[in-house]
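Written out below as structure tokens is the structure these notes cover.
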Amino acid sequence: QKNHPLYHLTNRLRQYFYQFYDPHKLSPKFSIIDNLSPIVTTEQNFDSICIPIDHVSRTKSMNYYINKNTLLRAHTSAHQVDLIRSGLNAFLCIGDVYRRDSIDPTHYPVFHQCEGVKLFTKEELFIGNKNVIGDKDNLQIFGTNGKKIDFK
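Quick look at the structure:
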């Protein structure tokens with residue numbers, strides 16, 4: 004919805020990364036992925052990112068399981084491996100995530116997450132390409148008026 008704060012936040016992220024579009028290539032340097040199902044497998048949510056089988060983050064008390072092998076994603080990292088296998092090497096993954104948190108002023112069981120993934124070639128990583136991601140100092144998501152909000 005155009006008046007929702009999350010719309011404005013994700014729109015600023017899109018604008019920032021899309022400004023690095025190279026007209027000689029067919030796509031921007033980053034893909035924006037924000038339409039993936041929040042229902043994932045335990046393989047996607049845990050195994051694919053090397054979370055040990057006995058780790059506390061896998062418990063029913065911390066997740067919304069649908070059945071033994073399916074749950075609502077606890078983080079957008081659940082999609083990383085699938086997106087890389089699909090051929091993407093640079094993307095932002097945006098979505099709602101679900102964790103069994105007690106509701107208080109700083110916690111809620113449903114929240115939104117945005118994460119970026121970029122796979123670098125050896126040349127980019129070791130020789131150094133200062134323009135791979137762009138001007139990180141100019142990413143201004145929340146503005147620059149200096150106001151701080153106390154959420155307590």
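Count the sequence shown with this note's numbering and you get residues 4 to 155, in order.
The C-beta atom is built at its ideal place from N, Cα and C for all residues, glycine as well.
Beta-carbon gap between residue i and residue j smaller than 9 Å
| i | j | result |
| --- | --- | --- |
| L86 | V43 | no |
| F20 | K5 | no |
| N72 | R102 | no |
| T79 | Q22 | no |
Residue i burial status per 10 Å Cβ neighbour count (16 or more: buried)
| i | result |
| --- | --- |
| Q47 | buried |
| L122 | exposed |
| I97 | buried |
| F154 | Confidence at F154 is low in this model, with a pLDDT of 43, below 50, so its placement is unreliable and no value can be given for it. |
| I152 | Reliability fails at I152, whose pLDDT of 49 lies under 50, so the model's placement of it is uncertain and no value is given. |
| H58 | exposed |
| S51 | buried |
Nearest-angstrom Cβ-Cβ length linking residue i and residue j, presumed shorter than 8 Å
| i | j | result |
| --- | --- | --- |
| H94 | S34 | The identity of residue 94 in the sequence shown is Phe, whereas the question assumes His. Going by Cβ atoms, the distance from F94 to S34 rounds to 4 Å, so yes, they are a contact pair. |
| A77 | S64 | In fact, because the Cβ distance is near 12 Å, the residues do not count as touching under 8 Å. |
| P8 | D99 | Contact flag wrong, Cβ pair sits at about 14 Å. |
Residues bridged to residue i [DSSP beta-bridge criterion]
| i | result |
| --- | --- |
| L95 | I35, G119 |
Own chain partners of residue i with C-beta closer than 8 Å, once the 5 adjacent residues on each side are dropped
| i | result |
| --- | --- |
| D104 | H110, Y111, P112 |
Contacts around residue i, its chain only, beta-carbon distance under 7 Å, and the 5 residues preceding and following it disregarded
| i | result |
| --- | --- |
| L91 | S34 |
| N38 | none |
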